[in-house]
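In this text, residue positions in the sequence shown follow the UniProt record's numbering: the first is 1, and each later residue adds one.
Every residue, glycine too, gets a C-beta built ideally from N, C-alpha and C.
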Amino acid sequence: MLIGKLKSPDDIKEPVFSAFGLSRFEPGNFEANLRLVEQVAEMAKANCMPAKRAINWKRAVSRHSGMPTIIPISDATMVERVNENSRVVDLTDDE
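1. From ASN29, ALA51, PHE30, ALA41, pick the residue whose C-alpha is nearest to that of VAL88; which is it?
2. Which of the three DSSP states, helix, strand or coil, is assigned to VAL89?
3. From the DSSP output, in three-state form, read off LEU36 for me.
4. So, with DSSP's three-state summary, where would you put MET78?
5. Keeping to the same chain, check which residues put their C-beta closer than 8 Å to that of ASP10; ignore five residues upstream and five downstream.
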């Protein structure tokens, strides 16, 4: 979803997601998450790709008091994407 491959529920080629109970792909949730992805993409134009920004946002959440250490796992399949996503981007609390 973050890299732009999924724009509608029809773009999901395999019905595997619903079988595992991933509610983010259910009607209503999918559209809400797509709006969030669009916001992340807009913010990411400044300094990095949306997936990288989302990964670093998850890391940044760990800085907040009472939050556990979060280690995001990318589902990238190309070496170039893995290398890109592994670079740390320092985000401010406002971001």
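Quick answer:
1. To locate residue 88, count along the sequence shown from 1; it is residue 88. Of ASN29, ALA51, PHE30, ALA41, the residue nearest in Cα terms is ALA51.
2. Residue 89 sits at position 89 when you count from the first residue of the sequence shown. Coil.
3. Residue mapping note: residue 36 aligns to position 36 of the sequence shown, counting from 1. LEU36: helix per DSSP, three-state reduction.
4. Your numbering for residue 78 matches position 78 in the sequence shown. Looking at MET78 - three-state DSSP - the assignment turns out to be coil, as it is neither helix nor strand.
5. For the purposes of this step, residue 10 is taken as the residue at position 10 of the sequence shown. Taken in chain order, the list of residues that qualify is empty.
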